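Residue numbers (the working numbering): 2 to 211.
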């Protein structure tokens, strides 16, 4: 004898978190089974929609309003904006992420007890700036060049030629961190700088000792 269909534990837990009691969930399961019968294939999604639409529970109404109540024009608090800007997030990136966050939350119907905190965590999984074309007359930061000279053994006299080649190669591309992109390009395509520095060091050592 086949066991009667049951929604998954995740579906039942979601309805409980939305404010339905265990008895209300069980009643919804029995009613759903009778109505679906052999006429369709039961699923968690169909059952949860049925339970939300047919259960008369004030707690459910309040919770649904809380979960789905984030408006399209929702804005993070000034404190959250300060936290993000203090972490280096560009205002244009914050606004873009806000739009994506709101639409995603509304479409998924996620329970957001603290939208501001959820938004900050959402941003922290993303770059601090939006991808953009290589600016005209772009130059890497001085700190970036110094780090390449120190860690890669890059000859400072070669930097202008490398920059010219990099700009030609990337002028039609997008990046959210051009200094990082340049650093990675140098490490991938010009690792000989570090090797040259080691060879020069060994040669100088032998010459000095001779």
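Each residue gets a CB set at the ideal place from its N, CA and C atoms; glycine is no exception. Source: prediction; values computed, not measured.
Assignment of residue 176 by DSSP, reduced to helix, strand and coil, places it in the strand class. With fewer than 16 other Cβ atoms inside 10 Å of its own Cβ, residue 100 counts as exposed.
Between residue 93 and residue 155, the C-beta spacing is not below 7 Å. Segment contact: the segment 115-130 against the segment 83-97, three or more CB-CB distances shorter than 8 Å; contact assigned. With three or more CB-CB distances shorter than 8 Å, the segment 14-34 counts as touching the segment 42-57.
Boundaries of the alpha helix (DSSP H) around residue 147: 143-153. For residue 125, the enclosing alpha helix (DSSP H) covers residues 116-125. In the same chain as residue 150, and ignoring 5 residues on each side of it, the C-beta atoms closer than 7 Å to its own belong to 157, in chain order.
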